[in-house]
Structure formats: C-alpha cells, structure tokens
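Here's the structure we're looking at; comments come further down.
Number of protein chains: 2
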Amino acid sequence: MIGYDRRMIDAAGLRVMKAIADEGSFTSAANALGFTQPAISQMVRRLEQRTGTVLVERYGRQVRLTEAGQVLARHAVGVLAALDAAEEEITAIAGLRAGRVRLQAFPSSSATLVPRTLAILKARHPDITVTFTEAEPPESLAALRNGDCDVAVAFAYEGGDLGELEEDLSLLVTRRLMDDEVRLVVPTTHPHAHDEAASLADFSGEEWIAGCPRCRGHLLSLADTAGFRPNVAFETEDYVAQLGLVTAGLGVALVPDLILNAAKHDEVAALPLSPASRRQILAVTTPDLQRVPAVAAALDALCEAAGSDPKVSPAELVGAKA
Amino acid sequence: MIGYDRRMIDAAGLRVMKAIADEGSFTSAANALGFTQPAISQMVRRLEQRTGTVLVERYGRQVRLTEAGQVLARHAVGVLAALDAAEEEITAIAGLRAGRVRLQAFPSSSATLVPRTLAILKARHPDITVTFTEAEPPESLAALRNGDCDVAVAFAYEGGDLGELEEDLSLLVTRRLMDDEVRLVVPTTHPHAHDEAASLADFSGEEWIAGCPRCRGHLLSLADTAGFRPNVAFETEDYVAQLGLVTAGLGVALVPDLILNAAKHDEVAALPLSPASRRQILAVTTPDLQRVPAVAAALDALCEAAGSDPKVSPAELVGAKA
DNA sequence: TGGTTTCCATAATGATCGGTTATGATCGCC
DNA sequence: GGCGATCATAACCGATCATTATGGAAACCA
Numbered sequence: 024m025i026g027y028d029r030r031m032i033d034a035a036g037l038r039v040m041k042a043i044a045d046e047g048s049f050t051s052a053a054n055a056l057g058f059t060q061p062a063i064s065q066m067v068r069r070l071e072q073r074t075g076t077v078l079v080e081r082y083g084r085q086v087r088l089t090e091a092g093q094v095l096a097r098h099a100v101g102v103l104a105a106l107d108a109a110e111e112e113i114t115a116i117a118g119l120r121a122g123r124v125r126l127q128a129f130p131s132s133s134a135t136l137v138p139r140t141l142a143i144l145k146a147r148h149p150d151i152t153v154t155f156t157e158a159e160p161p162e163s164l165a166a167l168r169n170g171d172c173d174v175a176v177a178f179a180y181e182g183g184d185l186g187e188l189e190e191d192l193s194l195l196v197t198r199r200l201m202d203d204e205v206r207l208v209v210p211t212t213h214p215h216a217h218d219e220a221a222s223l224a225d226f227s228g229e230e231w232i233a234g235c236p237r238c239r240g241h242l243l244s245l246a247d248t249a250g251f252r253p254n255v256a257f258e259t260e261d262y263v264a265q266l267g268l269v270t271a272g273l274g275v276a277l278v279p280d281l282i283l284n285a286a287k288h289d290e291v292a293a294l295p296l297s298p299a300s301r302r303q304i305l306a307v308t309t310p311d312l313q314r315v316p317a318v319a320a321a322l323d324a325l326c327e328a329a330g331s332d333p334k335v336s337p338a339e340l341v342g343a344k345a
Numbered sequence: 024m025i026g027y028d029r030r031m032i033d034a035a036g037l038r039v040m041k042a043i044a045d046e047g048s049f050t051s052a053a054n055a056l057g058f059t060q061p062a063i064s065q066m067v068r069r070l071e072q073r074t075g076t077v078l079v080e081r082y083g084r085q086v087r088l089t090e091a092g093q094v095l096a097r098h099a100v101g102v103l104a105a106l107d108a109a110e111e112e113i114t115a116i117a118g119l120r121a122g123r124v125r126l127q128a129f130p131s132s133s134a135t136l137v138p139r140t141l142a143i144l145k146a147r148h149p150d151i152t153v154t155f156t157e158a159e160p161p162e163s164l165a166a167l168r169n170g171d172c173d174v175a176v177a178f179a180y181e182g183g184d185l186g187e188l189e190e191d192l193s194l195l196v197t198r199r200l201m202d203d204e205v206r207l208v209v210p211t212t213h214p215h216a217h218d219e220a221a222s223l224a225d226f227s228g229e230e231w232i233a234g235c236p237r238c239r240g241h242l243l244s245l246a247d248t249a250g251f252r253p254n255v256a257f258e259t260e261d262y263v264a265q266l267g268l269v270t271a272g273l274g275v276a277l278v279p280d281l282i283l284n285a286a287k288h289d290e291v292a293a294l295p296l297s298p299a300s301r302r303q304i305l306a307v308t309t310p311d312l313q314r315v316p317a318v319a320a321a322l323d324a325l326c327e328a329a330g331s332d333p334k335v336s337p338a339e340l341v342g343a344k345a
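Protein chains in written order, with the numbering used here: chain A, 24 to 345; chain B, 24 to 345.
As structure tokens, then:
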C-alpha cells in the first residue's frame, strides 16, 4: 500500500494565509514571518494546487484573498492558537513550570524520607504536582511497569554479603538512596541488651516478631545462615507495633535503622548485627521517565532527602535478573 | 537573516501522537494512519528532539505516552477538527456546495439578462449565494478592480466598425455575452417613421434625447461621423423615460435593442441605423476569479441567459488599453 | 512620458523532511 | 528456548520548502 493520503492543509499553510490577510501583500507577509518573498509565493502556489482552489486573486501588483482564501485565514486563528497552547504547555512541563510526578514508596519510608522529599520538591519547583501513594515494593514496581507511577521508592535486602537484589529490575533504572542497617531489637531487660553486637545464633531460642512478607523472608534467610529456624510468634507490618511488642517482652525483632531513627524506642535496645545486614533504599524508575524533568527533579530531591549528594552518587545500576 | 523559526509542533505530529494514544502501539498507530511502523518511530523521535521533551515512554515492547505526550494527544483533537472543518469548507466551495458571487450589472441589463441569470444559477447551484448590485460600467469595473465585485456586466460601444472598446480592460478578462443593436427611436408620427433604415444625417435637425454619459458620448461620436452636432434637448439615464419623451414627440433617441425588447414601445418606431451601430454586452472578471467555481458558474449562467451557448462562444479576449 | 520603484513569478539550487524497505535487537509467550 | 510481536536503526529516495538571482509588469513620480 502506498498510503498517500497527505492532508491538503497544514499549519504552516494556514499561518501563511493569515499573514497575507493581515499584511495585504506577499512581501510584507514574508517579512512578518521571517521568510523571503518567493517562499510565500511558492507556498501559496502549493496550497492552491493541493486544494485545487484559487486562494489568492492577483490584480496588478496587489493581491487579495478569494473567498476560499479568507476561509483559510479565518480558520488559521483558531488552529494556531491551539497549537501555541499545546506548545506552551509542553515548554511549561520542560521548564518545570508544570508537570506531574507520581511517587510510590513503601510504608516505613513515609515517615521521614518521603516528607522531606516532598518538602524539597515543593520549595524548589512549586508548580509541579506531586502525587504520593504508599505501597510495598512489589506493588509499587508493578505500578511502575504498568505506567501508573513515575518513581517507586523500594528497598532490597542484600542476600548474604553480595549485593544481589531480590526484585526483577530489568528494564528499570535504580538510584541508590541510602543503606539502611538492620538491627536486632530486644527489651532493655534482655540479658544481651547491652552487648556490643548481636550474633543471631544467640537468639535462636527467642520468640520472633516478623514484619512484611519480604522482611520475614529476610529474617528466615539470616536465621538459616546462622543455623536455626526462628520461632515466629507474631507478624505485623506496622513497625511501631513491633516495637510495642518487643517493649512488652513478647519477643525480639529485626528492625531497620530508618524506623529506629524515626520512632521513639526508649524502652528497647537496638543491637547491631554481627555479621551486619543491610538493606538498600532505592529509587526506581524507567530510562525514559528518568529524562522527564519533573521526574528527574523528584529523583534529585529523593537523593538529597536521603542524605546522599545526588550529583556525586548517581549510582545508576541497571538491575540484573532476580 | 536566516529566518529559522520553524514551529516545533505541526499537525502531522499531533495526528501521530493521537493515533498512538488511541491505538496503544506504534505498529497499530501506523496501520491506522496508513503508514509503516518506522515512519511513526522516526516521527516520534523528531517530535521529541524538536520539543526537547520525552513524549513516549518505552517499557519493554509496549509504549505509553508521558504527560507531555498526553498533552499533545489531547490538543490534537481540537486542532485536527479545526483543520478538517477548514478543509470541508474549502471543498464545499470547490464543489459549488457553497460559495459566493458578487455580481454588478448596468441598469438596463437588470431588466432581463440579470434575472434570467439568477434564475439559472439558483436552479443549478442552489447553495451558492449570489449578490447583485446595479452599477454603471465605470463603477462596476472599479468595484471589480477593488475586490468588491466578482463579475461585472458591462457594455462597450464599438468605435466606428472596429471592435475597440473604450474601457480600460487591462488585467481583466471579458466574455462577450451578446451584441446589442442600437436603433433610432422616433415617434410613429415622424416622417421617417416607416423607413427601412435610418441614416443619421437625416436627423441632424432633430432635438435629441441622450442617456447616460457614455451613451451620450456614443451619440456624439456617431453624429460627428455623420457630419453634424446633435442638439441635445434632454438627458436622462432612464430608458423608459426616454421612450416616454419620444412618444410625446419631444425628440428622437438612440436606444439599444436590449431595452426595446424589454419595455413596451407601441407608440414609437425603432429604426435600424445605417450604417448599423452595436454595443457589446460583456461579462468582465479577473483571470483568477474566472477560475473560482462559483464565478465560473455565474459566467456560464450569464452566457446562457444571453442566449449565447457558453460552450461554443467562450470568446475570451483580453482587452487592450482604452 | 519615461525612468524608477515595487510588487509578484520563475528558475536553479540545496538542505531537510518524511516516507519507504530491509534488517536487527529485545521482550513476552508457549 | 525458539517464535512472534514490537520498536529501533540504516540506507535510500522523492517531495517539500527554503534560499538567491533574475525577470516582467504595474504604479508612481518628476
């Protein structure tokens, strides 16, 4: 198929017709548009043969629009205005005078990281609208893949001591925001409460309080390495509840620093693990979205809120398969 | 000056963005528009680098519009609709389903020629709007030159027997509608009332009734050729009044056939002149307007109303200088 | 009236645009 | 793990759309 259904009127043509109508001659229309006179002359000729209509009446050395020509000049106003509006809207987005970022972050980051990010963003680019939704990494990444989200703040536990992440990050780009140390939280009355560090094997007999599914998986993985299978007595995704349970002496729990720094925990002891275990806090987006100004601004704000200088540690690593 | 202010958004681009939004993929957008897939791919790329903005988010093998892309797709609707409207209006004019003709004709043609023309036009193209104004040739031609008129119906006396016309017809095209024989009108009581033909010199002693300035000029010219200077006793542009004056025996007059065929004139005799004198009835327009469908239709109708087959006698002679 | 100016038209030229076909890379699916 | 669908890229090609240079005709003016 040849597929030659070329439209007979285009925006450029309309603009020329309007200029002729306004200026009254080809020459001054050309000047007004920044073209030379023959350009207008040919443009009109092309338009006339495309429409199969006489658009301009040449009488002597003056030109006048025919009825058809006036029709085009009249429509030009609306079309060009709409085009300008579109262009303006685009440049507004490009210049961060407009735009939208849809952010999804996991619950425990909502406490400090996200509010700080939103504040930075608001101060720096007050005209872009930021949407925030709380979601665990599996859901936020799904939303990202699905096009319902621009930036996902996720976390990934390190498997053993190698930085292998358990999510499927193919096709996505990640930006490392911070490392979040995981600590063992025990009641202050616990015999090991004042140790320098905690070796997990020493707590194999405890009752355990587990968090979200992935956190629970991480606990099981660490315990397995330490050679035991933890007795999980309680499960709750609410870290404040976890700390409450520990305070009440109902068990011990693994809690990341990000939580401990945000929530009050006077009546529990948070011991560093030995060997240490961390999770990475990551900002995730797609290669294309990364180049959208509003998204880029959000990523920068996230890095800044996380304390890592966005200029120094872009740390863009494309994740390998899970 | 280089004058490179090329607009960053054009109608074609908008159409492509809208197609992508509607179809959900480059390939089906290409099918919908009758293009191949790479055409869409490149079009998007060009648009993106012209706007300096990411318009499409490629994730895996699916594509989605970014916010900026959605902006374009949204504006596309209005712009394309306006463009279609303009196009439709043009083709309506081209197809005589719309359009306008502004006709100006000299008074004595209003009697028969113009009404017949309007009737033909109305029957044949009921959707075009015809405007009619009565005006003597100098004014109607001025209107034509001025752009206030599309077709002027004028008359031109032949100077002597050569077809030299006294109007400035440069830059205009004329279409000969009919030849109008000029007769000498005398009261039926006149001694020469029943002659076969009238030799002008025989009436040098009469009192004359003159018409419009150009008709008066024609009378003077003919009389001059016949060797006398007519005694013009009355002047009126109203031919009916002229006939009335002749009937009352107040003088003689030169009256063209066009009038005699339309007005009652029982009580006067209309003698052919010897040598004969004619005036040409002409339709005048500009070369460009001539090609406008509605104008062409009007010209055809005029020819038909005048009794000359428009197909056989186009008689397009570009007038020389006066 | 005849020269000058001021228009528009045309020709020759070149860059870019905007399509094509052919081909490659990659994701998702069975 | 091949296969099909999808987008990207390369090479090519014609039409578009601008340029400069030039011509002709109309209007203007002394």
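Backbone N, C-alpha and C fix where the C-beta goes; we use that ideal spot for every residue, glycine too. Computed from a prediction, not measured in an experiment: that's the story for all the values here.
At what residues does the beta strand (DSSP E) containing residue i begin and finish?
i	result
M201 (chain A)	V196 to P210
F49 (chain A)	Premise fails: F49 (chain A) lies in the alpha helix (DSSP H), F49 to L56, not in any beta strand (DSSP E).
E80 (chain A)	V79 to Y82
Can you tell me which of the three DSSP states residue i falls into?
i	result
F251 (chain A)	coil
T309 (chain B)	coil
S177 (chain A)	Reading the sequence as shown, one finds Ala at residue 177 (chain A) and not Ser. Strand, per DSSP.
E230 (chain B)	strand
R301 (chain A)	strand
P214 (chain A)	coil
A246 (chain A)	helix
R123 (chain B)	strand
P279 (chain B)	strand
A319 (chain B)	helix
E290 (chain B)	coil
E159 (chain A)	coil
L273 (chain B)	coil
A35 (chain B)	helix
L192 (chain A)	coil
R314 (chain B)	helix
R87 (chain A)	strand
E219 (chain A)	coil
Would a check of beta-carbon distances place residue i closer than 8 angstroms to chain A?
i	result
T270 (chain B)	no
A109 (chain B)	yes
L277 (chain B)	no
V176 (chain B)	no
L194 (chain B)	yes
D184 (chain B)	Because D184 (chain B) carries a pLDDT of 44, less than 50, the predicted location of this residue cannot be relied on, and no value is offered for it.
I63 (chain B)	no
L164 (chain B)	no
M31 (chain B)	yes
T248 (chain B)	no
R123 (chain B)	yes
Does residue i get closer than 8 angstroms to chain B when you measure Cβ to Cβ?
i	result
H148 (chain A)	no
T74 (chain A)	yes
A13 (chain A)	Residue 13 (chain A) is absent from the structure shown; chain A starts at 24 and stops at 345.
V94 (chain A)	yes
D171 (chain A)	no
E80 (chain A)	yes
I113 (chain A)	yes
E46 (chain A)	no
Which residues mark the beginning and the end of the alpha helix (DSSP H) in which residue i is found?
i	result
A62 (chain B)	Q60 to T74
V94 (chain B)	E90 to A117
T270 (chain A)	Y262 to T270
P138 (chain B)	L136 to R147
Mind reading off the beta-carbon distance from residue i to residue j? Whole number of angstroms is fine, and I expect it under 8 angstroms.
i	j	result
G170 (chain A)	R87 (chain B)	5 angstroms
L200 (chain B)	L305 (chain B)	6 angstroms
R38 (chain B)	A99 (chain B)	6 angstroms
A292 (chain A)	W231 (chain A)	16 angstroms between Cβ atoms; not a contact.
T50 (chain A)	L195 (chain A)	Wrong, their Cβ atoms sit about 57 angstroms apart, outside the cutoff.
**Item:** At least three beta-carbon pairs within less than 8 angstroms, the region 202-210 of chain A to the region 251-259 of chain A
**Value:** no
**Asked** Within the chosen definition, does the region 112-128 of chain B reach the region 70-89 of chain A through at least 3 CB pairs nearer than 8 angstroms?
**Response** yes
**Prompt:** If you pair each beta-carbon of the region 42-49 of chain B with each one of the region 90-110 of chain B, do three or more pairs fall below 8 angstroms?
**Reply:** yes
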